[in-house]
Amino acid sequence: MLELHLDPIGGIAGDMFVAALLDFRPDLEKDLLTTLSLCPMIPDVTFEPLHHDDGILVGRRFLVQRHQQPAEMQTNEAPAHHPTSEDHPHHDHVNWSMIRQAFLGSALDAETLRHAIGIFTHLAEAEARVHGTDPEHVQFHEVGAWDSIADIVAAAWLISRLGVAKWTVGPLPLGSGRVRTAHGLLAVPAPATALLMEGFTTIDDGIAGERVTPTGAAILRHLCDPFETSHAPRRLLASAHGFGTKRLPGLSNCLRLLAFEPLAVSTPRDEVAILECEIDDQTSEDIAQAIDNLRSRAGVLDVIQMPVFGKKGRMMTHLRVLTEPAGRDDVIAAIFDETTTIGVRHSLTQRTVLPRQTATVDADGRRLRVKLVERPSGLTAKLEADDLSAVGTAVERARLRRHAEAKSREEER
């Protein structure tokens, strides 16, 4: 199983993504070029993966050019240089539905089409939000250019061939300044790009220019969960570099790729967010209601309260909430709304979980739920306590519990 991590040292653009994958898997180059010959809407276009050395690192570039056009005049979509109509020929007002129909009518294979259309759909939805229209009516300008179409199809084909189990990405450089587009001068990151970057971690490294392009952001949105960060043990298999066209001061304008193989673990692991705070000025009745409300929220896995001593020997409530990483910010906001705390500590951590399932057994005319857990030493069973709430005595509850748990283990065998 393969996991790929993208490290946007210089940023990310469509051609940089393709170049990084080809630097990782140069054996795919010939078949990729054959596939691109089937790509619609890019007549008279040639593709050339090039070895590249910027004096700091070595890797690949992915050059897309039209016939009868000198290579040195070409400028692929790249961080810090967004093409304009004057320096980068492209189709004016290419409609999203036109691109999609051209794809569907082409000889491209189904998996390549799925990824290419998926990437373009993210672009169309972002542009629609920017302009207040329906995605079906979106007209592309820079992203409708022939080289951007080629980058997306090349990326889609490589994605389909690599069979990656999980994609992750490091912090995205924001860049700064203005970019000239068909809509005029826009702040960096451009509006559609900013929408596609929502949820991803960003950094400002002080280097100006457009560092993440619309195509690069759409590829990330298609592949990566913005909240995914992997801390599970894994083996580093290889690294690769895909370069853009622009030179950055003191920094390689490249996208680094790290390929990993996850190590086998004896029990399933996942990542959770831990949210913690102390409360010293809220009544116990209100805290109890707040905990019930928090526990019922989507994404919340568990809520724990503990009595603790605070400053001046005061009794306080320590609140700990376990939640899915994607819902962390929403749950933090809910904690502020439900309690009187004015600060919440939060962190991501791993947990190891045992396989479990809930079985239902019949005992003394009652339907009882039993949780079965697969432990290293064998199967254990635990009756759901709520199902015994109507049973009258402790002796009877204990008898039913033993009977139901033993019966569920026997049935599971």
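Residues 44 to 456, numbered by this note's numbering, are exactly what the sequence shown covers, in order.
Note that beta-carbon positions come from the ideal geometry of N, C-alpha and C, so glycine has one too.
- Query: Got a sec, what are the start and stop residues for the alpha helix (DSSP H) Asp335 sits in?
  - Reply: 327-338
- State the Cα-Cα distance for the pair Gly342 and Glu367, rounded to the nearest angstrom. 5 Å
- Message: Within a Cβ cutoff of 8 Å, which residues of the same chain sit near His389, ignoring the five residues on either side of it in sequence?
- Response: Ala316, Ile317, Leu318, Glu319, Arg371, Ile375
- If you drop the 5 nearest sequence neighbours on each side, which residues of the same chain put their C-beta closer than 7 Å to that of Asp407? Leu443
- To the nearest angstrom, how far is it from the Cα of Glu453 to the Cα of Val404? 11 Å
- Can you tell me which of Arg277, Pro86, Ala251, Thr245 puts its alpha carbon nearest to the alpha carbon of Gly293? Ala251
- Is the region 375-384 touching the region 326-341, taking contact as three or more C-beta pairs under 8 Å? yes
- Out of Leu65, Glu321, Asp429, which has the shortest C-alpha to C-alpha gap to Phe352? Glu321
- Message: Nearest by alpha-carbon distance to Val212: which of Val396, Gly54, Gln400 is it?
- Response: Gly54
- Output the residue ranges of the beta strand (DSSP E) runs that lie fully inside the region 335-415 and measure 3 residues or longer, sorted by chain position. 343-352, 358-366, 388-395, 399-406
- Quick one: which unbroken beta strand (DSSP E) runs of 3-plus residues sit fully inside the region 254-325? Chain order, please. 277-286, 297-305, 312-322
- Task: Would you kindly work out how many angstroms separate the C-alpha atoms of Pro257 and His48, rounded to a whole number?
- Result: 20 Å
- How about Trp210 and Leu266: are their beta carbons less than 8 Å apart? yes
- Item | 7 Å Cβ shell around Ser219 - same chain, five flanking residues per side excluded | Val231, Ala251
- Message: I need the boundaries of the alpha helix (DSSP H) containing Pro234, first residue and last residue.
- Response: 234-239
- Sequence-distant residues of its chain with Cβ nearer than 6 Å to Ala261 (five each side left out): Ile162, His165, Leu166, Leu239
- Start and end residues, alpha helix (DSSP H) containing Thr164: 153-174
- Name the residue from Pro83, Leu76, Ala225 whose alpha carbon lies nearest to the alpha carbon of Leu147. Pro83
- Reduced DSSP secondary structure (H/G/I, E/B, other) of Ala424: strand
- Task: Go ahead and pull the three-state DSSP assignment for Gly206.
- Result: coil
- Buried or exposed: where does Arg103 fall if 16 or more other Cβ atoms within 10 Å of its Cβ makes it buried? buried
- Status (buried if at least 16 other CB within 10 Å, exposed otherwise) for Thr78: buried
- Message: Give me the residue from Ile142, Ala235, Arg440 with the minimum Cα distance to Arg172.
- Response: Ala235
- Nearest CA to the CA of Leu100: which residue from Lys450, Ile195, Leu391, Arg290? Arg290
- Can you have a look at Glu168 and say buried or exposed, based on whether 16 or more other CB atoms are within 10 angstroms of its CB? buried
- Query: Would you say Val413 and Ala424 are within 8 Å of each other, going by their C-beta atoms?
  - Reply: yes
- Message: One question on the structure: do Leu415 and Ala402 come within less than 8 Å of each other, judged by their Cβ atoms?
- Response: yes
- Message: Tell me the residue span of the beta strand (DSSP E) that contains His446.
- Response: Counting along the chain, His446 falls outside any beta strand (DSSP E), though it belongs to the alpha helix (DSSP H) covering 437-455.
- Task: Return the bridge partner residues of Ala230 from the DSSP annotation.
- Result: Arg221
- Message: Can you tell me whether Val61 is helix, strand or coil according to DSSP?
- Response: helix
- Query: Exposed or buried, Met358, counting other C-beta atoms within 10 Å across all chains shown (16 or more means buried)?
  - Reply: exposed
- Query: What residues in its chain sit with their C-beta under 6 Å from that of Gln400, if we drop five residues either side in the sequence?
  - Reply: Leu415
- Task: Identify which residue in Arg68, Ala56, Asp58, Gly57 has its Cα closest to the Cα of Ala281.
- Result: Arg68
- Message: Assuming Glu72 is part of the alpha helix (DSSP H), what are its boundary residues?
- Response: 72-79
- Task: Using DSSP bridges, identify the partner residues of Asp96.
- Result: Val101
- Express the C-alpha separation of Pro398 and Gln348 in angstroms, rounding to a whole number. 26 Å
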